[in-house]
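With the first letter of the sequence shown counted as 1, position 98 gets the number 164 in the numbering used here; the numbers rise by one all the way through. Beta carbons: idealized from backbone N, C-alpha and C, even for Gly. As structure tokens, the structure follows; a few thoughts come after it.
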Amino acid sequence: MKTKLIVVILAIIILTIGYTGCASSTKTTKTNSGGEKETKTEQKIFVEDFDITPYKTEINLKEKPLKIPKESLDAWYNYPTESTDNNQGKTIVSTAVGYRVRVTSTDNLEQADKLKSEVYSKTNQKHIYIIFDPPFYRIEVGDFLDISAARDLRFKLNQLGYNQAIVVNETVNVFK
């Protein structure tokens, strides 16, 4: 009795799965008069009939001409355009623990020279160093005893597109 019940339940499950599997197919197969099978696939086309035009908003702003002083057209308004180091023409007295801004590291000396000249022309910093630390050439800018000046230069370099620029502890030159 139990085995008959189990067989009936299994038959019902198999028929249900088979019926739902066939019912979910979108393909219809027919045999034409020549004995060949024709397969037809149903395609549903959705048409969007929602009109958004009543919901569009229009923003009207009154334009006021801006009065910008000529001096503020520079990207570094209120930043010194010359080097923050006033060590031009001075001699190196000693070295001290300080800060430099490392622009990047590269293994190509030509690329390091090119980057040094780019940074010089964009920042007007007089002290740009290429330090060879095998196998890389590090491009570092400035001799800062104060970390805030080094951070200002790092910010400026980040704004100029040198996103890898970081402030590092270095032995810097002290000028007289």
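Between which two residues does the beta strand (DSSP E) harbouring residue i extend?
i, result
"T161", "I158 to T172"
"F241", "I232 to F241"
Taking residue i as part of the alpha helix (DSSP H), name the residues at either end of that continuous run.
i, result
"F40", "In this structure the chain extends from 67 to 242, so residue 40 is not present and cannot be described."
"Y228", "Where Y228 is concerned, there is no enclosing alpha helix (DSSP H), given that its DSSP letter is neither H nor E."
"Y186", "L175 to T189"
Thinking C-alpha only, which one of the options is nearest residue i?
i, options, result
"T237", "Q109, I78 and R166", "R166"
"A23", "K156, E206 and D117", "A query on residue 23 cannot be resolved here, the shown segment of the chain reaching from 67 to 242 and no further."
Give me whichever residues DSSP pairs with residue i in a beta bridge.
i, result
"I197", "R204"
"F210", "Y165"
Taking the straight line between their C-alpha atoms, what separation do you get for residue i and residue j?
i, j, result
"Y186", "A178", "12 Å"
"K122", "N229", "41 Å"
"F116", "I125", "23 Å"
Write down the C-beta distance between residue i and residue j rounded to the nearest angstrom, noting that I regard them as a contact closer than 8 Å.
i, j, result
"S171", "Y203", "7 Å"
"V209", "N239", "The sequence given here has Asp at residue 209, not Val. With a Cβ gap of about 5 Å, D209 and N239 count as contacting."
"L219", "V169", "With 8 Å as the limit, L219 and V169 do not qualify as a contact, their Cβ atoms being about 10 Å apart."
"F241", "T157", "7 Å"
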